[in-house]
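Heads up: the structure comes next, in structure tokens.
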Amino acid sequence: MSPAAHIARHDPLTRALHWIFAVGILYATIVGYGLHFIAPGPVHTMLSRLNMSLASVLIVLFPLRLWWRMVRRQPAPPAGLTPAQIRPARMVQNALYAVIAEVLISGYLMVPKSYSLFGLMTVPTPFDGGPPTHQALRLFFWAHRAGCATLAGLIVLHVAGVILHTLIRPIGLLRRMV
């Protein structure tokens with residue numbers, strides 16, 4: 431039998447949270463960078479509000495994802511992976527969690543005033559009580575931008591590992607998350 435036949439899968443909650451974050455981050459990345467090329471107007475406003483709303487959902491889900499990662503029992507690493515391969519994979523996974531937290535926090539802090547959450551309610555920001563300083567917003571914007579670039583690099587490493595261990599040296603890795 432192939433190693434893929436014996437691979438231990440992640441539990442349903444882990445898989446669901448993984449794909450919710452994957453889709454949310456992919457959308458936020460495309461739209462976030464795309465907003466720089468869309469002139470101010472109704473389309474820009476709608477996409478910006480949707481981006482902030484989806485990010486707000488991720489902000490709420492992130493503590494659950496982090497807690498679940500700490501308390502659940504992880505499946506054994508797939509057969510065929512050496513400790514020298516497992517260590518960097520875990521380092522990238524840990525870095526992904528840290529950078530996702532930074533991107534979510536800095537993204538929220540760079541919003542100068544309250545915003546509409548899917549048109550259902552208003553989400554306040556720390557600056558609703560008074561105007562933020564230009565320097566503060568600039569700091570949060572650049573922290574967010576640097577975090578997004580770092581996150582993109584980590585995602586490339588993560589996906590490269592999945593491709594390597596799914597297509598090039600198959601060990602059934604992708605089956606753990608689907």
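Counting in this note's numbering, the sequence shown runs from 431 upward without gaps. Cβ coordinates follow ideal geometry from the N, Cα and C atoms, glycine included. All figures in this text were calculated on a predicted structure; none of them were measured in a lab.
Around the C-beta of F570, are 16 or more other C-beta atoms found within 10 angstroms, so that it is buried, or is it exposed?
Looking at its Cβ environment, which holds 16 or more other Cβ atoms inside 10 Å, F570 is buried.
So what does T552 bridge to, in DSSP terms?
Paired residues: S546.
Residue range of the alpha helix (DSSP H) that M540 falls in?
Taken as a continuous stretch (DSSP letters only), M540 belongs to no alpha helix (DSSP H), as it is neither H nor E.
Taking the beta carbon of A485 as the centre, do at least 16 other beta carbons fall within 10 Å, making it buried, or is it exposed?
Buried, by the Cβ-count rule.
Find the nearest neighbour of G549 within the set H466, R479, G454 and P470, judged by alpha-carbon distance.
Cα-wise, what sits closest to G549 is R479.
On a Cα-Cα basis, can you pick out the residue from T459, T555, W497 and W572 that is closest to T527?
Reading the sequence as shown, one finds Tyr at residue 527 and not Thr. Selected option, being the one with the closest Cα: W497.
Could you tell me if M431 is buried or exposed, where buried requires 16 or more neighbouring beta carbons within 10 angstroms of its beta carbon?
Legend: pLDDT at M431 = 40, less than 50; position of this residue unreliable, no value from coordinates given.
Which runs of the beta strand (DSSP E), 3 residues or longer, sit entirely within the region 551 to 586?
Runs of the beta strand (DSSP E) inside the region 551 to 586: 551 to 553.
V589 to G471, Cα distance in whole Å?
Roughly 35 Å between the two C-alpha positions.
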